[in-house]
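Under this note's numbering, read the sequence shown as residues 552 to 830, first letter to last.
Every residue gets a Cβ at the ideal spot worked out from N, C-alpha and C, and that includes glycine.
Just below is one structure, and these are the notes that go with it.
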Amino acid sequence: MNGMSRPLLTGGRALALAALATLALASCETVQTTQPGAVGVDRKQSMLLSSAQVDKSAAMAYQEELKKAAKKNALNRDAAEVARVRSMALRLTNVTGAFRPDAPRWAWETNVITSGDINAWCMPGGKIAVYTALIEKLKVTDDELAAVMGHEIGHALREHGRERASQAYAEALGLSVVGTALGLGQGSKQLAQIITDVTFNLPNSREHEVEADRIGVELAARAGYDPRAAITLWQKMGQVGGGAPPQFLSTHPSPKNRQKDLTEYAARVMPLYEAAIKR
């Protein structure tokens with residue numbers, strides 16, 4: 552919006568907004584969303600919004616996406632494919648307690664959407680979707696699919712959606728829409744839209760992607776999937792579109808750095824994988 556078209560604030564209104572902004576920013580809390588795990592992800596995060604707020608809005612956004620898919624006859628069309636994906640999701644979510652003791656009890660939900668886009672995502676609170684093109688175009692093995700799903704689950708465990716939504720709300724404060732940002736207006740509906748935006752439209756930071764990569768290989772290993780498959784998966788994705796990765800991975804570190812990081816962390820969690828396949 553052009554700043555010249557925005558009316559100047561009166562002294563009283565400016566003071567009121569400043570007070571609200573100060574109150575909102577003071578309510579930010581520094582949290583440790585996950586335990587470090589074997590991969591050592593231990594960055595502390597600043598959150599303006601609560602998990603309950605974000606999870607409720609994410610559930611609304613997820614149902615809206617499922618409705619859109621259903622209208623296109625694109626929701627869970629292949630029973631065998633759906634069974635495969637849900638079985639793998641169950642194995643992966645069962646080991647999330649290594650990072651968060653509460654996570655295995657989340658209201659996890661997994662669906663498969665028929666789409667030509669190579670994509671997968673997990674909204675806050677554990678709402679997962681896998682697109683058929685990811686499975687069919689890349690001809691992924693179970694180990695490779697586990698790498699993708701583990702990565703997306705890693706985003707949810709670290710509450711990256713909540714973190715990014717909090718940042719969006721903080722920016723909204725700077726634009727003087729404090730009342731809405733604090734949930735005093737159409738709070739749940741607006742937050743659901745923000746969750747949709749951070750899931751589909753706004754790229755993750757490289758920091759978030761690295762954390763999700765590392766957590767993903769550990770989840771895969773603990774669930775009995777070969778964590779080294781994350782490397783072959785990336786190589787397959789790199790071949791899509793003449794060497795460029797799919798758009799949903801466009802903010803990942805460079806392919807060279809990413810493969811180096813995945814190689815290092817896959818090796819670190821190999822003992823977990825070896826223990827899992829012996830059980």
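Residue i, DSSP secondary structure in three states
| i | result |
| --- | --- |
| T750 | helix |
| I669 | coil |
| Y682 | strand |
| L626 | strand |
| L735 | Note on L735: pLDDT 40, under 50, position unreliable in the model; the coordinate value appears next. Three-state result, L735: coil. |
| S597 | strand |
| V592 | coil |
| A826 | helix |
| V646 | coil |
| S727 | Unreliable placement is indicated for S727, whose pLDDT of 42 sits below 50; the coordinate value is still reported in the next sentence. Here S727 sits in coil by DSSP. |
| A572 | Low per-residue confidence applies at A572: pLDDT is 48, beneath 50, and the placement is therefore not dependable, though the value from the model is reported in the following sentence. Helix at A572. |
Contact under 9 Å by Cβ, residue i with residue j
| i | j | result |
| --- | --- | --- |
| V749 | Y816 | no |
| V820 | R773 | yes |
| Q786 | Q810 | yes |
| V592 | I704 | no |
| R642 | G775 | yes |
| G701 | L770 | yes |
| A826 | A698 | no |
| M598 | A743 | no |
| R779 | D694 | yes |
Unbroken beta strand (DSSP E) run spanning residue i, endpoints
| i | result |
| --- | --- |
| V761 | No beta strand (DSSP E) contains V761, which is instead part of the alpha helix (DSSP H) from R757 to R773. |
| V663 | E660 to I664 |
| T581 | E580 to V582 |
The alpha helix (DSSP H) enclosing residue i, as first and last residue numbers
| i | result |
| --- | --- |
| V699 | D693 to L708 |
| T783 | A780 to G789 |
Cβ separation of residue i and residue j, assumed to be a contact under 8 Å, to the nearest whole Å
| i | j | result |
| --- | --- | --- |
| Y720 | D777 | Not really, about 40 Å apart at Cβ, beyond 8 Å. |
Give a yes or no on contact between the stretch 711–720 and the stretch 592–604, applying the rule of three or more CB pairs nearer than 8 Å.
-> Yes, the stretch 711–720 touches the stretch 592–604.
Any chance the stretch 681–690 sits against the stretch 657–671, with 3 or more Cβ pairs inside 8 Å?
-> Yes: at least three Cβ pairs fall under 8 Å.
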